[in-house]
Amino acid sequence: MEKLIHLLIPRHTNNHKAKMLHSFSLLVIASFLILFQAVINFSPKIGGAILGYAASISRDEVVRLTNLKRAEAGLSPFSINSSLNNAAYAKGADMINKDYWAHVAPDGTQPWAFFNSVGYKYRYAGENLARDFSNANDAVTAWMNSPTHRDNILNPKYKEIGIGIIDGDLAGSDTTVIVQFFGAGYADAVREPIAQAATTENIKPAAVATIKPTAVPTVVPTFVLEINTAPAVITTPNAEQQVLVSPFTTTRNVSLIVVALLLLVFVVDAYLVSKRRISRIAGRSFAHVIFLGMILSIVIILRSGQIL
Numbered sequence: 012m013e014k015l016i017h018l019l020i021p022r023h024t025n026n027h028k029a030k031m032l033h034s035f036s037l038l039v040i041a042s043f044l045i046l047f048q049a050v051i052n053f054s055p056k057i058g059g060a061i062l063g064y065a066a067s068i069s070r071d072e073v074v075r076l077t078n079l080k081r082a083e084a085g086l087s088p089f090s091i092n093s094s095l096n097n098a099a100y101a102k103g104a105d106m107i108n109k110d111y112w113a114h115v116a117p118d119g120t121q122p123w124a125f126f127n128s129v130g131y132k133y134r135y136a137g138e139n140l141a142r143d144f145s146n147a148n149d150a151v152t153a154w155m156n157s158p159t160h161r162d163n164i165l166n167p168k169y170k171e172i173g174i175g176i177i178d179g180d181l182a183g184s185d186t187t188v189i190v191q192f193f194g195a196g197y198a199d200a201v202r203e204p205i206a207q208a209a210t211t212e213n214i215k216p217a218a219v220a221t222i223k224p225t226a227v228p229t230v231v232p233t234f235v236l237e238i239n240t241a242p243a244v245i246t247t248p249n250a251e252q253q254v255l256v257s258p259f260t261t262t263r264n265v266s267l268i269v270v271a272l273l274l275l276v277f278v279v280d281a282y283l284v285s286k287r288r289i290s291r292i293a294g295r296s297f298a299h300v301i302f303l304g305m306i307l308s309i310v311i312i313l314r315s316g317q318i319l
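Here's what the structure looks like:
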């Protein structure tokens with residue numbers, strides 16, 4: 012208890028300044044956070060098995076939140092297409108396997124190649140990508156905050172959706188990638204009604220000719236490709252994900268706890284010093300806390316997800 016009071020409460024044993032707010036203590040805290048971040052980043056590379064990147068992200072939740080945004084805009088919801096799910100997962104796996112973060116692969120493979128690979132005949136097609144998100148809500152919110160990605164989600168031409176969520180190493184960093192594929196097949200196009208031949212009673216045909224049908228050429232309608240991508244989380248189709256510790260959430264929570272504790276100690280320290288009318292020379296607790304808070308804020312921002 013004495014050590015705890017010495018650490019948190021200003022008194023004569025700590026020169027009337029909480030030990031936690033001393034320069035050396037702040038340096039130790041900053042060093043701990045840097046070390047903690049290093050462990051989070053590198054433990055998977057040395058065999059760590061406790062870290063997971065898609066523990067709180069599910070395909071159904073991404074679809075639900077996406078359709079909620081469409082409903083708010085007065086649009087009909089997307090229907091889930093299993094072929095698009097497989098295509099989206101294949102795109103995510105391709106990025107992980109070939110180590111790239113882009114709509115177009117280094118070998119020139121376009122997103123639409125994955126639509127074709129599962130036999131999805133599209134009239135309209137689009138893509139959103141996301142990575143480094145710890146939950147579906149943050150990913151969908153990021154897409155909606157981006158005009159191009161929002162246009163994909165709210166595009167009335169798209170009727171179906173497929174989601175791929177996959178974990179892996181991307182550019183030397185373990186991450187989760189979310190792929191969102193949008194599509195509209197030829198069946199969604201407006202069909203012209205077929206005119207029925209009129210019949211007349213009491214008319215006998217003079218002759219009935221046997222006509223051998225000739226091959227009818229297939230007319231392929233033109234299509235419009237609308238591309239937009241965002242960071243994505245890829246989930247193995249029809250597979251349950253193992254619930255592990257998310258490094259994104261862990262880093263953010265630890266940072267927030269440290270900042271909250273420092274602010275609490277600072278407020279208590281300032282109150283007691285003022286109440287006891289203790290004079291301190293060159294007390295820089297506030298500057299130290301603000302400085303550390305800025306560093307932690309930068310860390311949190313850098314650990315937020317990306318969209319493409």
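If you're matching positions, the sequence shown starts at 12 in my numbering and goes up one per residue.
Quick reminder that beta carbons are idealized off the backbone N, C-alpha and C, glycines included.
Check, Outcome
"Select from L273, Q317, G316 the residue whose C-alpha is nearest the C-alpha of K30.", "L273"
"Taking 7 Å as the CB-CB limit, is A99 close to chain E?", "Note that chain E does not occur in the displayed structure, where there is just one protein chain."
"Just to confirm the assignment: which complete alpha helix (DSSP H) runs, minimum length 4, are found wholly within the stretch 147-173?", "147-155, 158-164"
"Identify, in the order they occur along the chain, each residue of the same chain with its Cβ nearer than 6 Å to the Cβ of H27, setting aside the five sequence neighbours on each side.", "P21, I289"
"Provide the residue span of the beta strand (DSSP E) that contains N92, from first to last.", "Here N92 belongs to no beta strand (DSSP E), and DSSP marks it neither H nor E."
"Once you ignore the five residues that flank F47 on each side, which residues in its own chain have a CB closer than 7 Å to its CB?", "V265"
"Count Cβ pairs between the stretch 167-185 and the stretch 78-96 that sit closer than 8 Å; are there 3 or more?", "yes"
"Starting from the C-beta of A116, find all residues in its chain whose C-beta is less than 7 Å away, skip the five residues before and the five after it, and write them out in chain order.", "D105, K109"
"How would you call R142, buried or exposed, if buried means at least 16 neighbouring beta carbons within 10 angstroms?", "buried"
"If you run the structure through DSSP and keep just helix, strand and coil, what is R75?", "helix"
"Tell me where the alpha helix (DSSP H) around N26 begins and ends.", "That residue, N26, is in no alpha helix (DSSP H); it is neither H nor E in DSSP."
"Over what stretch of residues does the alpha helix (DSSP H) that includes I16 continue unbroken?", "13-19"
"Within 10 angstroms of its Cβ, does R134 collect 16 or more other Cβ (buried), or is it exposed?", "buried"
"Determine the direct distance from the alpha carbon of N156 to that of L15, and round the result to whole angstroms.", "45 Å"
"By how many angstroms is the C-alpha of L275 removed from the C-alpha of G137?", "48 Å"
"Considering only their Cβ atoms, is the gap separating F192 from A271 smaller than 7 Å?", "no"
"Residue range of the beta strand (DSSP E) that A136 falls in?", "133-142"
"Relative to the alpha-carbon of L283, which residue among M12, L19, E13 has its alpha-carbon at the smallest distance?", "L19"
"Which of the three DSSP states is assigned to I176 in this structure?", "strand"
"Within 10 angstroms of its Cβ, does E13 collect 16 or more other Cβ (buried), or is it exposed?", "exposed"
"Would you list the one or two residues that DSSP bridges to F192?", "E138, G173"
"With a CB to CB cut of under 7 Å and the five nearest residues on each side skipped, what residues in its chain are close to L95?", "Y131, E171, I172, G173, F192, G194"
"Count the other CB atoms within 10 Å of the CB of I318; is the residue buried (16 or more) or exposed (fewer)?", "buried"
"For N139 versus H160, is the C-beta distance shorter than 7 Å?", "yes"
"Could you check what DSSP says for D185 in three-state terms: helix, strand or coil?", "strand"
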